[in-house]
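Visitor:
There are 2 protein chains.
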Amino acid sequence: MRIPKLYVENAEKHEGRKVVIENNGKVIRFLDKDEEYSGNGKVLYQVIYDDFDKYVLMGEVTKDMLIEYEVGGVKQLTYIKKGTRLLEIPAEGYKVYPIVDFGCRILEGHRLAALQSRKGDIRFVNTPVNGIVVFLKEVPAKRENYVFYILPEKEIKFEEELYNN
Amino acid sequence: MRIPKLYVENAEKHEGRKVVIENNGKVIRFLDKDEEYSGNGKVLYQVIYDDFDKYVLMGEVTKDMLIEYEVGGVKQLTYIKKGTRLLEIPAEGYKVYPIVDFGCRILEGHRLAALQSRKGDIRFVNTPVNGIVVFLKEVPAKRENYVFYILPEKEIKFEEELYNN
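Listed in order, the protein sequences are those of chains A and B. The first sequence begins at 1 in our numbering and counts up one residue at a time. The second sequence begins at 1001 in our numbering and counts up one residue at a time.
#1: Could you tell me the alpha carbon to alpha carbon distance between Pro-1128 of chain B and Val-71 of chain A, rounded to whole angstroms?
#2: Under the assumption that Tyr-69 of chain A contacts Val-61 of chain A (Cβ atoms under 8 Å), give the Cβ distance between them as a whole number of angstroms.
#3: Any Cβ of chain A within less than 8 Å of the Cβ of Ile-1122 of chain B?
#4: With a threshold of 8 Å between beta carbons, is Phe-30 of chain A in contact with chain B?
#5: With three or more beta-carbon pairs closer than 8 Å as the criterion, would you say the stretch 1143-1151 of chain B touches the stretch 1081-1091 of chain B?
#6: Counting only the same chain and skipping the five closest in sequence on each side, list residues whose C-beta sits under 6 Å from that of Glu-22 of chain A.
#7: Taking only three categories from DSSP, how would you classify Tyr-1069 of chain B?
#8: Three-state secondary structure (DSSP) at Phe-30 of chain A?
#9: Taking its Cβ as the centre, do 16 or more other Cβ atoms sit within 10 Å of Lys-33 of chain A, making it buried, or is it exposed?
#10: Within 8 Å of any Cβ in chain A, is that where the Cβ of Glu-1166 of chain B sits?
#11: Classify Gly-1025 of chain B as helix, strand or coil using the three-state DSSP reduction.
#12: Please check the pair Lys-18 of chain A and Tyr-1079 of chain B, which I expect to be a contact at CB under 8 Å, by giving their CB distance rounded to whole angstroms.
#13: I'd like the ranges of any beta strand (DSSP E) spanning at least 3 consecutive residues and lying wholly in the stretch 92-153 of chain A.
#14: The ligand COA heavy atoms versus the CB of Val-1074 of chain B: any closer than 7 Å?
#15: Against chain A, which members of the stretch 1055-1085 of chain B pass a CB distance test of less than 8 Å?
#16: Got a sec: which bits of the stretch 20-53 of chain A sit with their beta carbon under 7 Å from any beta carbon on chain B, in order along the chain?
#17: Could you please give the first and the last residue of the uninterrupted beta strand (DSSP E) stretch that includes Glu-1009 of chain B?
#18: Who pairs with Tyr-1049 of chain B in a beta bridge, going by DSSP?
Written out as structure tokens, the structure reads:
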């Protein structure tokens, strides 16, 4: 599979490519390599896709981000605003075989990964919610360890918020 | 699930909303209800999402189209150019239970639907390619009948093209 491109607002280190978001996402404008921009839109800079999790803190996206995924003549863009909450689902085992990947829309109960124990038993990690997989992180650890970042269809509420409403 | 919005170039019947594609997809601009546009970009008009298959002929997309899918603060856009080839996979049976839906990225061998026979036996329809499900059509018929429209990661080649290359 191709690796998606990730653009982030106010990225510290950034490569050449830029994209501008105007009017709260109504206009999305990719800039040429040396193109200057003088409007009042938000400028997002390309960063390394594998750094996705640096822009997520306690399950909340900390900066506006745009994911660009292009295959053949088809471009898929996902614009995630700062403050959006993601669900992080870990999959750890002796062997872990991810079943879904970036961009997969998943429905409640779908399998995310197969876990194999040392004895060879297979169990599955399922998703508790409908949503979209926006990132799959491989965590360096003794046992195989992945984290699925899922954008849920229904916004996540924390417990104290539920009590207040 | 929410229903995605579909925008199509030169749509005959169209509703109010419009989106403009400039510079071969480098700028995507959603217009306000009464906003006029005078540039030289392609104007796509909103049509009914369920009419998706009217813009596909012999597996080829006949007009530029944009699919907009918005959940919470997140907007997902898929821009499909005219001439893009889609794979149509039918699922027919006494009972058909679709497993994936619009927007699901699928990897070779994933299950698309479960088919139940009159005797209760279950079989699965799998995808032969990696790709994205862009539309799911329910075909009115005596038995339950669905068609999955899949955008493959690798471009589809017809046989005569393979011989010529």
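For every residue, glycine included, the Cβ atom is placed at its ideal position computed from N, Cα and C.
Guide: Short version:
#1: 17 Å
#2: About 18 Å; that fails the 8 Å criterion.
#3: no
#4: yes
#5: yes
#6: Gly-41
#7: strand
#8: strand
#9: exposed
#10: Look at the range of chain B in this structure, 1001 to 1165, and you will see that residue 1166 of chain B is not part of it.
#11: helix
#12: The Cβ separation is near 19 Å, so there is no contact.
#13: 95-98, 111-116, 122-126, 131-138 and 144-152
#14: The ligand COA is not among the ligands present in this structure, which contains no ligands whatsoever.
#15: Val-1071, Gly-1072, Gly-1073, Val-1074, Lys-1075, Gln-1076, Leu-1077, Thr-1078, Tyr-1079, Ile-1080, Lys-1081, Gly-1083 and Thr-1084
#16: Gly-25, Lys-26, Val-27, Ile-28, Arg-29 and Phe-30
#17: 1005-1009
#18: Its beta-bridge partners do not exist; DSSP assigns none.
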